[in-house]
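**Q** Before I ask anything, let me first share the structure, which is written out below as C-alpha cells.
Here is the structure:
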C-alpha cells in the first residue's frame, strides 16, 4: 500500500523510491530497499490494487501506476488508499496530544460478519432497533455495504419477498449467518450494482424520481462547493463575484434537504418551485421551533 500511495502522488525512479522508503513510517526499522525486495512489494501491490506498476524507460526510467483498460473501481481504490493513510497516521500520532480526529464510524464491529454473508451468498438474521419502530427480527440477504456520513449501512433483500431495505449497522444486534437458507437471486438489491442502486441518490435514501434542482451558493460557500461538489451531477450554471448558480440531477430526499440546510444562509434553492417551497416551509417551521420552543416539525 505504501508503494501505491507513493506512486499515486507522482512517478518516481527506483533511486527516488529508495530514498523515500528510508524515511517512511511504514519502514519502522529504517531498512534499505533493495531491488529484489522492491520487485516483491511491486507484485504484491499490483495484485492487491489491481493495477500495473511499470517502468517507463522512455521517460527517465520512472515507475508509474497503470490501470487496466475498463478499470471501474477508482472510488474503491481511493478509499482503500485513504484508509491506509489514516491507519498509518494513527500509528504516528497515537502518543501525540496535538492531533485531534473524528470518532470512528459506529457499527464497524459488524462489518466482518456482514461481508462474510455477502461473499458466501447467505442470509443474515439480526434484531433491528430503529428510532421509529419497536425492535424487530429481520432476516435478509445482504447485497452490499455503504459508508455515508460516518455511518455504515448494509443494503439487502428481505428473505420473504423482493423488497430491498437499508439497515444501519449500529442499530443491529444478535447478528448471525443462517446457513440453511438458499440464496435469493432476483431481489431488487441483488439485481443491481451499488452504483446502479444508488443512481441519482444524494446519500443513503432511495426515494422519489430524480429531478433537476438549481441552487445559488453565495460567496464564500460557492468556492467550497466548487472544490467539493455537493453531488456527482453538479454543474456550474452561472458565476458572479457574489454568488454561483449550480444545478444537480438528484432524488429530492430528506438527507438532501438536510445538506442544503447545513449550508445555513449561504445557499438558496432556486428551482423547481415545488422543491423551493418545501425548503421554505422547513425553514419557517425551524424558525417557529426557535421562537416558541414547541415542535413544528414537518413529517416526511
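In the working numbering, the protein residues as written are 135 to 434. Glycine is no exception: its CB is placed at the ideal position from the N, C-alpha and C atoms.
Measuring only the C-alpha atoms, how far is residue 400 from residue 354?
**A** Residue numbering aside, residue 400 sits at position 266 when the chain shown is read from its first letter. Residue numbering aside, residue 354 sits at position 220 when the chain shown is read from its first letter. Cα to Cα, residue 400 sits roughly 8 Å from residue 354.
**Q** Residue 241 and residue 329: beta carbons closer than 9 Å?
**A** To locate residue 241, count along the chain shown from 1; it is residue 107. To locate residue 329, count along the chain shown from 1; it is residue 195. No, they are not a contact pair.
**Q** Please state whether DSSP places residue 205 in a helix, a strand or coil.
**A** For the purposes of this step, residue 205 is taken as residue 71 along the chain shown, with counting starting at 1. In this prediction, residue 205 has a pLDDT of 48, which is less than 50 and means its spatial position is unreliable; what the coordinates show is noted afterwards. It is coil, neither helix nor strand.
**Q** Looking only at C-alpha atoms, which of 361, 389, 352 sits nearest to residue 372?
**A** Here residue 372 refers to the residue found at position 238 of the chain shown. The candidate whose alpha carbon is nearest that of residue 372 is 352.
**Q** Smallest Cα separation from residue 335: which of 146, 386, 184?
**A** Counting from one through the chain shown, the residue named residue 335 turns up at place 201. Minimum Cα distance to residue 335 is reached at 386.
**Q** With 16 other CB atoms within 10 Å as the buried threshold, where does residue 194 fall?
**A** Taking the chain shown and counting its residues from 1, one reaches residue 194 at position 60. Under this definition residue 194 is an exposed residue.
**Q** According to DSSP, residue 250 sits in a beta bridge with which residue or residues?
**A** Translated into the one-based positions of the chain shown, residue 250 becomes position 116. Answer is none; residue 250 lacks a bridge partner.
**Q** Helix or strand or just coil, what does DSSP make of residue 431?
**A** The residue labelled residue 431 in the question sits at position 297 within the chain shown. Coil.
**Q** Check whether the stretch 145-160 and the stretch 179-196 touch, using three or more Cβ-Cβ pairs below 8 Å as the test.
**A** Because the criterion of three Cβ pairs below 8 Å is met, the stretch 145-160 and the stretch 179-196 touch.
**Q** Please report the distance separating the alpha-carbon of residue 326 from that of residue 279.
**A** Counting from one through the chain shown, the residue named residue 326 turns up at place 192. Counting from one through the chain shown, the residue named residue 279 turns up at place 145. Their backbone Cα atoms lie some 13 Å apart in a straight line.
**Q** Per DSSP, what kind of secondary structure is residue 409 in: helix, strand or coil?
**A** Counted from its first residue, the chain shown places residue 409 at position 275. If DSSP states are grouped into helix, strand and coil, residue 409 belongs with the helices.
**Q** Taking contact to mean at least 3 C-beta pairs separated by less than 8 Å, is the stretch 243-256 in contact with the stretch 291-311?
**A** The stretch 243-256 is in contact with the stretch 291-311.
**Q** Take the Cβ of residue 331 as the centre, count every other Cβ of all protein chains shown within 10 Å, and call the residue buried at 16 or more, exposed below.
**A** Here residue 331 refers to the residue found at position 197 when the chain shown is read from its first residue. The residue is buried, with at least 16 neighbouring Cβ atoms inside 10 Å.
**Q** Taking only three categories from DSSP, how would you classify residue 303?
**A** Your numbering for residue 303 matches position 169 in the chain shown. Three-state DSSP puts residue 303 in a helix.
**Q** Need the endpoints of the beta strand (DSSP E) that residue 260 sits in, please.
**A** The sequence position of residue 260 within the chain shown is 126, counting from 1. Its beta strand (DSSP E) spans residues 257-262.
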